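What follows is a short report on a single structure.
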Amino acid sequence: MRSSEMADEVTLYADGRSPFVCRVKIALNMKGIKYKNMEEDLQNKSGALLNYNPVHKKVPVLVHNGNPILESLVIVEYLDNVWERVPILPQDPYEKAAARFWAKFIDDKCIPALYKVFSSKGEEEQVITEACEQLQILEDELELKGKKFFGGDNINLVDIAADFIAYWLQLLEEATEMKLVTRSKFPKITEWAEGFVNCQVVKEMLPPRAIMLAYYKNRFGKI
Amino acid sequence: MVGSEVILLDFWPSMFGMRVRIALAEKGIEYDYKEQDLPDKSTLLLEMNPVHKKIPVLIHKGKPINESCIIVQYIDETWKDKSPLMPSDPYTRAQARFWADYVDKKVYDALKKSGTLKGEQQEKAKKEFIEILKVLEGQIGEKPYFMGESFGYADIALVTFYCWFYTFETLGNYSIEKECPKLIAWAKRCMQRESVSKTLPDSKKIYEFFMEMRSKLGL
C-alpha cells in the first residue's frame, strides 16, 4: 500500500464499451486501485472531460488527485510508475522497450488495419490482406515466445494493449458476419485470446457481449 | 568500429534518427553510426527490424531496439547515471509521454501534407499544421522547455523537426516563425545545446536533399 493511498482520489472518465478505456480498467483492477467511474455520453461530452482533455476530447482520462493523464497506454504506464505492485511493464530496460514496441505496433498498425476492414465493408481485398499481414506478425510473435501470453505466464502491457483483438474483434466479426481470425489461420492468436478473456482481472472489466453486438450491428451492419 | 557495443542504423536527414542521436549525445555515449542507403536496405537493417524495416535502430550488445521514442526511453533507462531525459515525477513523466505521442501522431503527417499538396488542399494543410504547432507552443508557454527547466524527452521528440521547417516554409511559401514565434524561440534555445546543434543538419542541406529526392522520384 502506498503511504498516501488512503488519500488517493482516482477518477476514470470512461465509456464502458471502449477497448481503450478497458485497458485502463484492467490495469486498475490488476493493481487493486480504488477509483470512481464517470461514464461519458460521447455524443454529449461532459464539461469535465472537455476540461481535462481539450486536445483530443476523448476517453479514457484518468484523474489522480486532480491531475489528468491522457491516452490509454500513457495512463497504464503512469499507473505502473505510481502503484508498483503487480507490475505491468517488465523491469529490464530491453524487455521494457520490446513491450512498448509491441504495444505501439498494435496501436499504430494492427487496430487501424482491422477497423479499415470493417469500415470498408470488407469489399477491398487489399485491406483484408493488409489486416491479415499485421495479424500474422502477432501470430509469429506468439509462436516465437511460446508462452500463454505476450507477457509470459502473466499478462503484461502487450496483452492489455491487444485487448481489442482478444474480445471486441470477435464480436465485430459476429455482428458483421465476416471472419478474419479463424482458429486454423491464427491458432496462436485464438488460443491467446481465449486465455486473455478468461483472466479474472480482465473478465470483470469487459463490457457485455450483447451490448457490443448491438452497437456493432448498428454501426457496421451486416457485410 | 569492430565489435562496438552500441550501433545506430540511421539515415542522416531523418528527424526520427536525430532524436536518438541527440539522446546518445546527451548521455555522452560512444557509438558506431552506420548510414543506411534507404532504397537499398541492408541485410543488417532487415534482420534487426523485420517488422517495420525502418530506421532508426539501436543495437546494444547485439540486441535491437526500434522506434525512436522507445529507443530514447531505453537509452535513458539504461544509462541512468547521467543527464536524465525523463522527468523523475510520474505525473510530469506521463505528460512528457503524452506530448511526445502527440508529436508522433500529428506533426510528421501535417508537415508532409503542408509541403506536398497543391492549391487549396495545401492551404488547408498549412493551416492544420500551424494549428498543431500552436498547440505545442501553448504547452511550452513561458517555460524554457516542454516540462519546465530541464531539456528532455518531449523536447527531443519535437526539436528534430526544426531543421525541416525551412524546406516546408519554402515549398509552402509561409513563415513558421511569423505564426509561432515562441515555438521558434524554444527551438533556438534547444539549438544552444551541443547535443542538438551538433545533431541537426543545416536546414539548407535538408532542403537540397529533399529537392533532389523529389526530382529523383519525378515529383
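Here the protein sequences line up with chains A and B, keeping their order. Taking my numbering, the leading residue of the first sequence gets 1, the next gets one more, and so forth. Taking my numbering, the leading residue of the second sequence gets 1001, the next gets one more, and so forth. Heads up, the beta-carbon is just placed ideally off N, CA and C, and yes, glycines get one too. Because the structure is a prediction, the values reported are computed rather than measured.
- Using a CB distance cut-off of 8 Å, Tyr-1091(B) counts as an interface residue toward chain A.
- In the three-state scheme derived from DSSP, where H, G and I count as helix and E and B as strand, Ala-14(A) is classed as strand.
- Contact of Asn-67(A) with chain B is assigned, a C-beta pair being separated by under 8 Å.
- Between Tyr-1031(B) and Leu-1038(B), the C-beta spacing is not below 8 Å.
- Using a Cβ-Cβ distance cut-off of 8 Å, the stretch 181-194 of chain A and the stretch 45-54 of chain A are not in contact, since fewer than three pairs of beta carbons, one from each stretch, lie closer than that value.
- Note: Gly-152(A) is bridge-paired with Phe-149(A) in the DSSP secondary-structure output.
- In this structure Ala-214(A) is exposed. Its beta-carbon is surrounded by fewer than 16 other beta-carbon atoms within 10 angstroms.
- Straight through space, the alpha carbons of Phe-1016(B) and Met-1191(B) are spaced by roughly 17 Å.
- Judged by DSSP secondary structure, Lys-31(A) falls outside any alpha helix (DSSP H); it is assigned neither H nor E.
- Cβ neighbours of Ala-210(A) within its own chain (closer than 8 Å, five residues either side excluded): none.
- In the structure shown, Pro-1050(B) adopts coil according to DSSP, grouped into three states.
- For Asn-51(A), the enclosing alpha helix (DSSP H) has its first and last residue at 47-52.
- Excluding the 5 residues flanking it on each side, Leu-1046(B) has same chain C-beta neighbours closer than 7 Å at Lys-1053, in chain order.
- For Asp-1101(B), the C-beta contacts it makes with chain A under 7 Å involve Glu-71 and Val-74, in order along the chain.
- Along the stretch 1034-1066 of chain B, going in chain order, the ones with a CB nearer than 7 Å to a CB of chain A are Val-1051, Lys-1063, Ile-1065 and Asn-1066.
- Looking at the DSSP output, Pro-1090(B) sits in no beta bridge, so it has no partner there.
- Taking a C-beta distance under 8 Å as the contact criterion, Ala-1110(B) and Ala-1096(B) do not qualify as a contact pair.
- Residue Pro-1090(B) holds the alpha-carbon nearest to the alpha-carbon of Val-82(A) among Pro-1090(B), Lys-1080(B), Leu-1085(B) and Tyr-1153(B).
- Among the residues facing chain B, Glu-77(A) is included, as its CB has a counterpart in that chain under 8 Å away.
- Taking 8 Å as the threshold, the shortest C-beta distance from Pro-93(A) to chain B falls below it.
- Interface with chain B (8 Å Cβ-Cβ cutoff): Ala-97(A) is included.
- About 4 Å separates the CB atoms of Ile-1059(B) and Ile-1007(B); that is less than 8 Å, so the two are in contact.
- Looking at Ile-88(A), Asp-107(A), Thr-176(A) and Lys-104(A), the one whose alpha-carbon comes closest to that of Asp-153(A) is Ile-88(A).
- Of Trp-1186(B), Arg-1189(B) and Ile-1075(B), the smallest CA-CA separation from Arg-1019(B) is found for Ile-1075(B).
- When 7 Å is used as the limit between beta carbons, Asn-154(A) is near no residue of chain B, the shortest such separation being about 21 Å.
- Approximately 20 Å separates the beta-carbon atoms of Ala-14(A) and Ala-103(A); this is outside 8 Å, ruling out the contact.
- The stretch 1112-1131 of chain B and the stretch 105-112 of chain A do not touch, with fewer than 3 CB-CB distances between them shorter than 8 Å.
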